[in-house]
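*Asks:* Dumping the structure here so I can ask a few things about it.
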DNA sequence: TTGAAAGCGCTAACAC
DNA sequence: GTGTTAGCGCTTTCAA
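Residue numbers (this note's numbering), protein chains in the order written: chain R, 15 to 357; chain S, 15 to 357.
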């Protein structure tokens, strides 16, 4: 109704036009719109009303150039060795969703990129030096550990999801993958499993640590348990056929599978079902991540819990501190075994 | 090694500094870095080498302000009635992943926002008038149809995922939800089901059309099939308990469930399993979306396929055309029934 | 082929 | 309190 009564006036192009209309200077308009207290309450309200009436909003690009604050955080998924892995991988997406919520709550916009280091060795430099971002969040280290290290040495507002290595420079938030892998294997061994297949591509740092942890547990147990590694693709398309093949060629004595992610575990569950192998009776199965969907599978997936929401909050908190000039240590979260039905 | 040999010179702050270093003017540097042909090949290469050596990259904020092209597309998820629904909803995420891939391939960055229209009636105006974006993609119409219409009337580079209504202004890409709902119900009725529960919150336009289509199929069948609507929450947390409650209070004669999304279907599958009800023997179940994960469930989910990847490409293609000043019609994709095991 | 200069739209230091 | 002015860092006429 009100739209019919007051036909919208011509759209204002910039602060100067609004200033002319209001009979004040551009500076005053800028201050009024930013709710600065230095401006007379009456004129401020008048200008704000005028802006609202004309649907005027200051150009953010200009404002951000001028202030040097972009209000934008880059969220980047580096896909080095796992090029086929899609940005829509559920773990990435879950973390991304949490990051988006946390950043938006803090008033930041989020710029999403997928980087292919293989095509472009300077992927990270290009992003951090774009001048468009107040800070950068990396989802995963991929196989770019050293590259990240060297950029982090000079670009401070950078926080990475991933694994911590002794003496590393860059601020990382993540779960202790080694401990998680160990937990998984310990559980399987305690159940009586002695021949464990590991499904995961160990070129990724986190995955490699999970396998290492599992191997350590096997060693420590003194049971002679063996762990066979299978390099499972991360792309959804290839993953299924590869799991099928691995299931067929693996040692028939294998009595447990430790999947490096819940996604792999779910695909494995399905393939086992198709082969008529009961989980956990014929084959125990443990996943990793504890994505929400793992409670929906039949049987429910036993898995290693990572606190993704907490991790996202930690990443954002560290990044904002770094944007403010502080230095922040890495955050290593403790994984937790969640026993459900699959093992 | 090379890093040890040549200690990095002090970082250049802007084009002017590089210009001084190269003994040319800022204009020439700008042209050289943009690979403009007007600049002498030799000087161009010299400047580019210098830039590389110093790790210099022009400030994008300034460049974009000057040219008026931001190279950024906004991707926004409006959460009107479904406020609790998280940005990490798998359908959103799948579509978002595809959009990200398509946009990045075309050289655009992607700015992600979650909008809460309830808190802020001007959510969309604020976004399109921010001056930060060349165009905007909306994932879903939520309950904001009229709001979107009025903004679309003046802001052209806007493409929306959702449902098409007769005579609407805004460019939409989506699946014919009515046809999809009808397909689902037809399939269930053909299987002999006569009492169908619909799980979904019909305040969303697409969901409402799916139910309407199902009701139309029931009507047309002349079988006296009834369809009972249950308003299922979209937030993962509440969804499960609500489905459980609905399952317990629904008419005992109910022999089929049509879930408005695969996510709802998967949660329903799990709840049915817990109640010892076999799918599809005791209860037939059809989902909607055909997300990749629906092939991993046990039993595999029968669902209505939406071409999410194709839809994402269509959205991006339409948006780029609109950014270029063209006008584009809406794209309504035809849904397809995918019969697997659950019905 | 290159340099000089204007200006994208905004903000903030400095005046008054 | 408000106006004036000088840039933020870049691109792009225009002139040479």
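Quick reminder that beta carbons are idealized off the backbone N, C-alpha and C, glycines included. Just so you know, these numbers come straight off a predicted model, no measurement behind them.
(1) Please list, in chain order, the chain S residues whose beta carbon lies closer than 8 Å to that of residue 221 of chain R.
(2) Determine the closest residue to residue 254 of chain R out of R:336, R:294, R:287, R:145, with distance taken between C-alpha atoms.
(3) If you follow the beta strand (DSSP E) that residue 125 of chain S is part of, which residue opens it and which one closes it?
(4) Which residues share a DSSP beta bridge with residue 319 of chain R?
(5) Excluding the five sequence neighbours on either side, which residues of its own chain have a C-beta within less than 7 Å of the C-beta of residue 154 of chain S, listed in chain order?
(6) Does chain R have any CB closer than 8 Å to the CB of residue 18 of chain S?
(7) Going by DSSP in three states, residue 272 of chain R sits in which element: helix, strand or coil?
(8) Thinking just about the alpha-carbon of each residue, which of R:75, R:42, R:72 is nearest to the one in residue 59 of chain R?
(9) Could you run through the region 109 to 143 of chain R and flag, in chain order, every residue whose CB is less than 8 Å away from some CB of chain S?
(10) Counting along the chain, where does the beta strand (DSSP E) carrying residue 188 of chain R start and finish?
(11) For the region 264 to 298 of chain R, enumerate the residues whose C-beta is nearer than 8 Å to any C-beta of chain S, in chain order.
(12) Count the CB pairs spanning the region 194 to 205 of chain R and the region 234 to 246 of chain R that are closer than 8 Å, and state whether there are at least three.
(13) Give me the Cα-Cα distance between residue 283 of chain R and residue 141 of chain S, rounded to the nearest whole angstrom.
(14) From this set, R:181, R:252, R:71, R:305, which residue's C-alpha is nearest residue 321 of chain R's C-alpha?
(15) Among the candidates S:324, S:325, S:299, whose CA atom is the shortest distance from the CA of residue 315 of chain S?
(16) For residue 218 of chain S, does the count of other Cβ atoms within 10 angstroms reach 16, so buried, or fall short, so exposed?
(17) Helix, strand or coil: which one does DSSP assign to residue 30 of chain R?
(18) Taking the beta carbon of residue 353 of chain S as the centre, do at least 16 other beta carbons fall within 10 Å, making it buried, or is it exposed?
(19) Using a Cβ-Cβ cut-off of 7 Å (strictly less than) and excluding sequence neighbours within five positions of residue 167 of chain R, which residues of its own chain qualify?
(20) Give the range of the alpha helix (DSSP H) segment to which residue 64 of chain S is assigned.
(21) Assess contact between the region 54 to 73 of chain R and the region 121 to 138 of chain R, defined as three or more Cβ pairs (one per stretch) separated by less than 8 Å. Is contact present?
(22) Cutting at 6 Å between CB atoms, please list the residues of its own chain near residue 26 of chain S, excluding the five before and the five after it.
(23) In this structure, how does DSSP classify residue 92 of chain S when only helix, strand and coil are distinguished?
(24) Taking beta-carbon pairs under 7 Å, can you tell me which members of the region 61 to 81 of chain R lie near chain S?
(25) Please list the partners that residue 145 of chain S has in chain R, where partner means a Cβ-to-Cβ separation under 9 Å.
(26) Name the chain S residues that come within less than 7 Å of residue 358 of chain R, Cβ to Cβ?
(27) Between residue 353 of chain R and chain S, is the shortest Cβ-Cβ distance under 8 Å, so that the two count as touching?
(28) For residue 195 of chain R, collect the residues of the same chain with a Cβ closer than 7 Å to its Cβ; drop the 5 residues on either side in sequence, then sort them by chain order.
(29) Could you tell me if residue 340 of chain R is buried or exposed, where buried requires 16 or more neighbouring beta carbons within 10 angstroms of its beta carbon?
(30) Might you give, ordered along the chain, the residues of its own chain that have their beta carbon closer than 7 Å to the beta carbon of residue 197 of chain R, omitting 5 neighbours on each side?
(31) If I'm right that residue 148 of chain S touches residue 83 of chain S with Cβ under 8 Å, what's the distance once you round it to whole angstroms?
(32) Which of helix, strand or coil does DSSP assign to residue 174 of chain R?
(33) Quick one: list the residues of chain R neighbouring residue 84 of chain S, beta-carbon separation under 8 Å, in chain order.
(34) Less than 8 Å between the beta carbons of residue 345 of chain S and residue 328 of chain S, yes or no?
(35) From the DSSP output, which residues share a beta bridge with residue 151 of chain S?
(36) Using a 10 Å radius around the Cβ and a threshold of 16 neighbouring Cβ atoms, would you call residue 355 of chain S buried or exposed?
*Replies:* Based on what the coordinates show:
(1) Simply none; closest approach about 20 Å.
(2) R:287
(3) 123 to 129
(4) R:303, R:350
(5) 91, 92, 175, 176
(6) Interpretation of residue 18 of chain S is limited by its pLDDT of 41, a score under 50 that renders its predicted location unreliable; no figure is taken from the coordinates.
(7) strand
(8) R:42
(9) 110, 111, 112, 114, 115, 118, 123, 124, 125, 126, 127, 128, 139, 140, 143
(10) 185 to 189
(11) 280, 281, 283, 284, 287
(12) yes
(13) 43 Å
(14) R:305
(15) S:299
(16) buried
(17) helix
(18) exposed
(19) 183
(20) 55 to 68
(21) no
(22) 32, 68, 70
(23) strand
(24) 69, 71, 73, 74, 75, 76, 78, 79
(25) 71, 72, 73, 74, 75, 76, 77
(26) As displayed, chain R neither begins before 15 nor continues past 357, which places residue 358 of chain R out of reach and without an answer.
(27) no
(28) 223, 224, 225, 226, 227, 228
(29) exposed
(30) 318, 349, 351
(31) 6 Å
(32) strand
(33) 75
(34) yes
(35) S:89, S:173
(36) exposed
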